[in-house]
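Comments concern the structure below.
2 protein chains.
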Amino acid sequence: MSNNWHDEVLADVEAGVRINDRHIVDRIRQAVLMQRLPPGTRLPEVALGEIFGVSRSVVRKALTRLASDHVITQQPNQVARVSAPSIEETREIFAARRLIEGEVVALLAGKLDHDQCRTVASYIEAECQAHLDDDEAQRIEHSLAIHHYLADHSPNRTLGAMLSDLILCTSIVIALYKRAGLASCYLENDHAELLALLERSDAEGARHCVQTHLTALEALLDLRPQDKSIDLAAIFGKTG
Amino acid sequence: MSNNWHDEVLADVEAGVRINDRHIVDRIRQAVLMQRLPPGTRLPEVALGEIFGVSRSVVRKALTRLASDHVITQQPNQVARVSAPSIEETREIFAARRLIEGEVVALLAGKLDHDQCRTVASYIEAECQAHLDDDEAQRIEHSLAIHHYLADHSPNRTLGAMLSDLILCTSIVIALYKRAGLASCYLENDHAELLALLERSDAEGARHCVQTHLTALEALLDLRPQDKSIDLAAIFGKTG
DNA sequence: CTATTCGATTTTGTATACAATGAATGTCCA
DNA sequence: TGGACATTCATTGTATACAAAATCGAATAG
Numbered sequence: 001m002s003n004n005w006h007d008e009v010l011a012d013v014e015a016g017v018r019i020n021d022r023h024i025v026d027r028i029r030q031a032v033l034m035q036r037l038p039p040g041t042r043l044p045e046v047a048l049g050e051i052f053g054v055s056r057s058v059v060r061k062a063l064t065r066l067a068s069d070h071v072i073t074q075q076p077n078q079v080a081r082v083s084a085p086s087i088e089e090t091r092e093i094f095a096a097r098r099l100i101e102g103e104v105v106a107l108l109a110g111k112l113d114h115d116q117c118r119t120v121a122s123y124i125e126a127e128c129q130a131h132l133d134d135d136e137a138q139r140i141e142h143s144l145a146i147h148h149y150l151a152d153h154s155p156n157r158t159l160g161a162m163l164s165d166l167i168l169c170t171s172i173v174i175a176l177y178k179r180a181g182l183a184s185c186y187l188e189n190d191h192a193e194l195l196a197l198l199e200r201s202d203a204e205g206a207r208h209c210v211q212t213h214l215t216a217l218e219a220l221l222d223l224r225p226q227d228k229s230i231d232l233a234a235i236f237g238k239t240g
Numbered sequence: 001m002s003n004n005w006h007d008e009v010l011a012d013v014e015a016g017v018r019i020n021d022r023h024i025v026d027r028i029r030q031a032v033l034m035q036r037l038p039p040g041t042r043l044p045e046v047a048l049g050e051i052f053g054v055s056r057s058v059v060r061k062a063l064t065r066l067a068s069d070h071v072i073t074q075q076p077n078q079v080a081r082v083s084a085p086s087i088e089e090t091r092e093i094f095a096a097r098r099l100i101e102g103e104v105v106a107l108l109a110g111k112l113d114h115d116q117c118r119t120v121a122s123y124i125e126a127e128c129q130a131h132l133d134d135d136e137a138q139r140i141e142h143s144l145a146i147h148h149y150l151a152d153h154s155p156n157r158t159l160g161a162m163l164s165d166l167i168l169c170t171s172i173v174i175a176l177y178k179r180a181g182l183a184s185c186y187l188e189n190d191h192a193e194l195l196a197l198l199e200r201s202d203a204e205g206a207r208h209c210v211q212t213h214l215t216a217l218e219a220l221l222d223l224r225p226q227d228k229s230i231d232l233a234a235i236f237g238k239t240g
């Protein structure tokens with residue numbers, strides 16, 4: 001499972017790409033984003049150092065930054081792990097993202113020029129196509145591209161940076177709490193509708209559209225209490 | 001100027017307090033918050049290491065975290081400095097804080113119990129008293145205590161953490177852009193009014209109150225373009 | 001007098017060694 | 001059998017050494 005990721009990194013090293021802590025941060029963020037590093041994954045410093053071909057110093061710096069962004073969780077004298085937010089935190093993350101992404105798209109309404117709208121449109125198109133092809137990995141990648149594009153072009157860069165972090169956290173909790181039977185978290189038309197509202201300079205419409213979209217996304221998750229712990233008891237319980 | 005800060009740290013070391021990176025982060029955050037470390041201040045690693053009695057490793061970790069929170073600015077191979085946001089960034093910080101602190105107090109309306117309200121009331125009282133005493137340092141400390149208390153008690157902890165960072169950034173830009181003649185950024189009654197609205201469970205009233213408060217605070221700053229650079233030209237200009 | 005280049009110093013970047021802590025496993029005794 | 005304890009291994013915490021880069025100043029050429 002994590003072999004793919006490992007191999008890609010090795011390819012970089014062989015290609016003589018200069019690896020610094022920023023690179024490592026980006027790589028791990030990307031892997032978490034694409035759900036190739038599931039929540040709870042152990043991230044020992046020496047292992048990462050060997051994979052990226054650097055010493056622990058660089059890895060540690062990268063891990064510190066990732067911890068600040070809540071991508072990983074560090075406790076003293078314990079290995080870093082990909083964050084696994086609780087159900088309550090998950091709801092809070094969605095609420096925060098509704099507030100901030102809503103504001104960002106409201107600020108963005110009418111501010112994208114023709115070329116930028118076409119770029120977003122191409123992402124939406126690609127997402128739809130990937131969905132038709134049943135290529136979930138591709139679909140997630142294109143979906144994230146849309147939201148990251150909005151974050152990166154936020155007129156308010158402070159809010160844009162916050163949104164980037166929240167997109168990452170959202171991706172983590174989706175990987176954690178996605179309903180078992182659900183193949184994909186695809187919501188048809190939402191993105192296209194948002195783009196139309198942005199082009200029409202309808203700030204409040206765009207805000208509402210995004211907030212509805214995120215609420216629908218949250219509703220696709222299984223956020224009922226007691227989940228993981230009960231599994232073991234149910235499978236190996238005393239009745240067996 | 002920074003001797004005060006230096007001495008305090010030494011006192012800690014002598015008292016045998018265990019210094020780790022978190023301690024250093026808190027100390028520097030506090031110093032920035034209290035405007036004892038003005039924007040642009042150099043923060044060399046070895047100097048900090050000697051002051052806190054630790055090696056560069058620990059200092060570097062602390063600096064990395066501070067950079068993630070935008071408290072300091074790091075560029076490769078250059079000494080870290082206390083952040084000095086541009087005028088545009090300053091406006092964005094205030095806009096972001098209006099959005100987020102507004103939401104936090106709206107969520108908080110009616111949620112504080114009697115004791116918590118009394119705690120906030122005591123901070124407000126202390127701020128007012130410090131203002132009457134012309135003790136600006138104390139006034140800032142109590143004012144920050146109010147806002148940090150709200151951030152720490154936010155029902156949505158994600159938004160609360162974001163607000164904490166924004167309070168810090170706000171403190172930095174106030175130190176940077178405070179109008180020359182202005183002794184203090186004290187806005188009478190705003191905090192008391194906010195508390196009354198929170199007790200009355202008036203969420204939208206509280207949101208509006210905070211947003212107005214922050215807009216008034218921003219208006220006290222001198223955010224006209226061309227400031228620092230023109231000074232030099234005016235003073236040492238070719239006409240001299 | 002100004003601009004530029006060179007060198008010395010300061011400061012950060014990285015690797016590594018060693019200490020300290022934690023987790024896991026195995027052992028002993030009741 | 002079952003639990004307390006000790007040992008071992010894995011992993012992080014910290015300090016330090018050395019390399020690389022930037023900054024500052026002085027000397028020099030125009």
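Protein sequence lines, in the order shown, are assigned to chains A and B.
With the first letter of the first sequence counted as 1, position 193 gets the number 193 in the UniProt record's numbering; the numbers rise by one all the way through.
With the first letter of the second sequence counted as 1, position 234 gets the number 234 in the UniProt record's numbering; the numbers rise by one all the way through.
Just so it is clear, CB atoms sit at the ideal spot from N, CA and C, and this is done for glycine as well.
Asked	Found
Close Cβ partners of residue 98 of chain A (< 8 Å) along its chain, the five nearest in sequence each way excluded	210, 211, 214, 215
Residue 72 of chain B to residue 60 of chain B span [Cα, whole Å]	12 Å
Within chain A, the residues that residue 157 of chain B reaches when beta carbons sit closer than 9 Å	88, 89, 92
Residues that residue 64 of chain A contacts on chain B, provided the C-beta gap is smaller than 7 Å	61, 64, 65
Span separating the alpha-carbon of residue 175 of chain A from that of residue 111 of chain A	33 Å
Residues from the region 93-119 of chain B in contact with chain A, defined by Cβ distance under 7 Å	93, 95, 96, 99, 103
Beta-carbon spacing of residue 177 of chain B, residue 90 of chain B below 9 Å	yes
The region 135-149 of chain B touching the region 159-171 of chain B, judged by at least three CB pairs closer than 8 Å	yes
Residues of its chain near residue 186 of chain A, where Cβ-Cβ distance is below 7 Å and the 5 sequence neighbours each way are ignored	131, 139
9 Å Cβ cut-off: residues of chain B touching residue 83 of chain A	Correct list: empty, because the minimum Cβ distance to chain B is about 12 Å.
Alpha-carbon spacing of residue 192 of chain A relative to residue 219 of chain A, whole angstroms	20 Å
Chain B contact for residue 225 of chain A (CB, 9 Å cutoff)	no
Contacts of residue 69 of chain B in chain A (Cβ-Cβ under 9 Å)	68
Alpha-carbon to alpha-carbon, residue 169 of chain A and residue 223 of chain A	15 Å
Pair within 9 Å by beta-carbon distance, residue 241 of chain A and residue 109 of chain A	Since the first residue shown for chain A is 1 and the last is 240, residue 241 of chain A is missing from the structure and cannot be characterised.
Pair within 9 Å by beta-carbon distance, residue 32 of chain B and residue 171 of chain B	yes
The alpha helix (DSSP H) enclosing residue 56 of chain A, as first and last residue numbers	56-68
Assigned secondary structure, residue 19 of chain B (DSSP; H/G/I helix, E/B strand, else coil)	coil
Distance between beta carbons of residue 206 of chain B and residue 96 of chain B, contact taken as under 8 Å	That belief does not hold up - the Cβ atoms of residue 96 of chain B and residue 206 of chain B are roughly 18 Å apart, past 8 Å.
Range of the contiguous alpha helix (DSSP H) that encloses residue 120 of chain A	114-132
Beta-carbon proximity check, residue 156 of chain A vs residue 104 of chain A, cutoff 9 Å	yes
In DSSP terms, what residue 80 of chain B is bridged to	B:43
Residue range of the unbroken alpha helix (DSSP H) whose run includes residue 221 of chain B	That residue, residue 221 of chain B, is in no alpha helix (DSSP H); it is neither H nor E in DSSP.
Distance CB(residue 52 of chain B)-CB(residue 18 of chain B) smaller than 9 Å	no
N- and C-terminal bounds of the alpha helix (DSSP H) containing residue 105 of chain B	87-108
Spatial neighbours of residue 35 of chain B in its chain, beta-carbon cut-off 6 Å, leaving aside the 5 residues before and after	175
Test: residue 166 of chain B CB closer than 9 Å to a CB of chain A	yes
Residues near residue 154 of chain A in its chain [Cβ-Cβ closer than 7 Å; skip 5 each side]	104, 107, 108, 160, 163
Closer than 9 Å to chain B by CB, residue 128 of chain A	no
Contacts around residue 123 of chain A, its chain only, beta-carbon distance under 6 Å, and the 5 residues preceding and following it disregarded	142, 145, 146
Minimum Cβ-Cβ distance from residue 185 of chain A to chain B less than 9 Å	no
Within chain A, the residues that residue 162 of chain B reaches when beta carbons sit closer than 8 Å	96, 162
Beta carbon of residue 64 of chain A nearer than 9 Å to that of residue 68 of chain B	yes
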